[in-house]
Amino acid sequence: MKTIIITGITLLTSFFSMLSPTKREETRIPVCHGGNDMSAMAADPAFQQLHKAPLPFTYTGAGEMIKFSTPDGQSANGFLLKSKKASNKWLLVYQEWWGLNDNIKQEAEKFYNDLSDVNVLAVDMYDGKVATEPAEAGKLMQGADKNRLTSIMKGAIAYAGPKAEFASVGWCFGGMLSLQSAMLAGKQAKGCVMYYGRPEQDVEKLKTLQTDVLGIFGSRDKGISPESVKQFEENMQKAGEKVTVKMYDAGHGFANPSNPVYDKEATADAYKLALGYLKDKLKA
């Protein structure tokens, strides 16, 4: 009799387990080395399709590649345009998801030429790697370790020195990094420009900002949506921080001449806005 009861319970348990929905194993986007805040987006084919392969371009201007130490015991690279006069004013330039390519070097020189007595450092966030195809760029951005990214930014800030005054600017992946860099710079941060980068939405982290932010976005951006930008504005307000948002009737990457959605008029206006902001913040 005891055997029959046990068997009956076993059969009932099996029956109800068949009726219960099977727990599916979570599908996770593979993220190398711990990932970063935009790794999931980088793995999304739809997001990759927002970026067409950049047109061939070779930078032949001024500046030099340098190396600096990072707190993780390694070293990092940067493209430096040093002020002709000794200056503690610095503009940190952060790359798109392609890497520190010649287009970013040209953008760095453009700001350098239009600002007065400012050191401009375009930071290499991929440790020398540069992509030329969207899928390749997606892998690089997805695989960028968050701790390493932070270490590189801290290294760049330390390279400039404790008396440096910083502003930062970046596009796409670099837009996100520009904001993160401003938080890392603490009281040394004087300004932050982010072009269509993923906004930080953690209110407690935003409270650490010691500068206001200029955010430049596109209302037709399918990667960084207007809704997420609105949320960012609300969170900045909750954090007691100031952000100025300029929303253009444009898509993701509209300021890159290699992108099919490149908007010449919006790009020129956005640059004028960013330059005026940086001149004011750096007194340059």
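Under my numbering, the residue at position 51 of the sequence shown is numbered 956, and the numbers go up by one with no gaps. Here a beta-carbon is modelled for each residue, glycine too, at the ideal position from N, C-alpha and C. All values derive from a computational prediction rather than experimental measurement.
Give the range of the beta strand (DSSP E) segment to which residue i is assigned.
i       : result
Met970  : 969 to 974
Lys1151 : 1148 to 1153
Ala1042 : Looking at the DSSP string, Ala1042 is not in any beta strand (DSSP E); the run it does join, the alpha helix (DSSP H), is 1039 to 1048.
Phe1159 : Note, Phe1159: premise wrong, no beta strand (DSSP E); not H, not E.
Gly978  : Here Gly978 belongs to no beta strand (DSSP E), and DSSP marks it neither H nor E.
Met1099 : 1094 to 1100
Val851  : Because the chain spans 906 through 1189 in this model, residue 851 falls outside it and cannot be assessed.
Tyr999  : 994 to 999
Leu1119 : 1118 to 1123
Looking only at its own chain, which residues have a Cβ that is under 8 Å from the Cβ of residue i, when we skip the five neighbours before and after it?
i       : result
Leu1186 : This sequence places Lys at residue 1186; Leu is not what is there. Around Lys1186: Ala1072, Lys1095, Gly1096, Thr1116.
Gln953  : Ala947, Pro1039, Ala1040, Ala1042, Gly1043
Met1081 : Asp942, Met943, Gly1075, Met1099, Gly1102, Arg1103, Pro1104, Glu1105
Val1134 : Pro1104, Gly1120, Phe1122, Val1150, Met1152
Ser1124 : Pro1131, Met1152, Tyr1153, Asp1154, Ala1155
Among the residues of its own chain, which have a CB less than 6 Å from the CB of residue i, if the five just before and after it don't count?
i       : result
Thr1149 : Leu1119
Val1098 : Val1074, Leu1119, Ala1179
Thr1172 : Ala1160
Met1058 : Ser1086, Leu1089
Gly978  : none
Ala1144 : Val1108, Leu1111, Lys1112
Could you compute how far the alpha carbon of residue i sits from the alpha carbon of residue j?
i       : j       : result
Lys972  : Asn1006 : 16 Å
Pro1067 : Asn982  : 20 Å
Phe1016 : Lys1188 : 14 Å
Asp1050 : Lys1184 : 33 Å
Leu955  : Tyr964  : 24 Å
Glu1146 : Leu1114 : 7 Å
Asp1032 : Leu1054 : 10 Å
Tyr1167 : Gln1142 : 31 Å
Ala991  : Tyr1064 : 15 Å
Glu1132 : Ala1155 : 15 Å
Lys1177 : Leu1020 : 12 Å
Lys1034 : Lys1010 : 15 Å
Pro959  : Ala951  : 17 Å
Ile1062 : Ala1175 : 26 Å
Gly1091 : Ser1083 : 13 Å
In the DSSP assignment, find the alpha helix (DSSP H) that holds residue i and state where it starts and stops.
i       : result
Ser1083 : 1078 to 1090
Ala1036 : Counting along the chain, Ala1036 falls outside any alpha helix (DSSP H), and DSSP gives it neither H nor E.
Asn1018 : 1007 to 1019
Tyr1176 : 1169 to 1187
Phe962  : Where Phe962 is concerned, there is no enclosing alpha helix (DSSP H), given that its DSSP letter is neither H nor E.
Only counting the same chain, and skipping five residues up and downstream in sequence, which positions put a Cβ closer than 7 Å to that of residue i?
i       : result
Glu1138 : Val1148, Val1150
Asn1140 : Gln1106, Val1108, Leu1111
Phe962  : Asp1007, Asn1008
Gly1181 : none
Arg933  : Here the model assigns Arg933 a pLDDT of 30, short of 50, so the residue's position is not dependable and the matter cannot be decided.
Asp1126 : Tyr1101, Gly1156, His1157
Answer with buried or exposed for residue i, where buried requires no fewer than 16 other C-beta atoms within 10 angstroms of its C-beta.
i       : result
Ser944  : buried
Glu1014 : buried
Met970  : exposed
Gln1136 : exposed
Gly1128 : buried
Glu1170 : exposed
Asn1018 : exposed
Gly1048 : buried
Asn1164 : buried
For my contact list, residue i and residue j are in at a C-beta cut-off of 8 Å; report their separation, rounded to the angstrom.
i       : j       : result
Trp1076 : Ala1036 : No, Trp1076 and Ala1036 are not in contact; Cβ-Cβ is about 15 Å, not under 8 Å.
Phe1078 : Gly1102 : 7 Å
Leu985  : Gly968  : 6 Å
Thr975  : Ser1056 : 4 Å
Asn1024 : Lys989  : Rounded, the Cβ-Cβ distance is 10 Å, inconsistent with contact.
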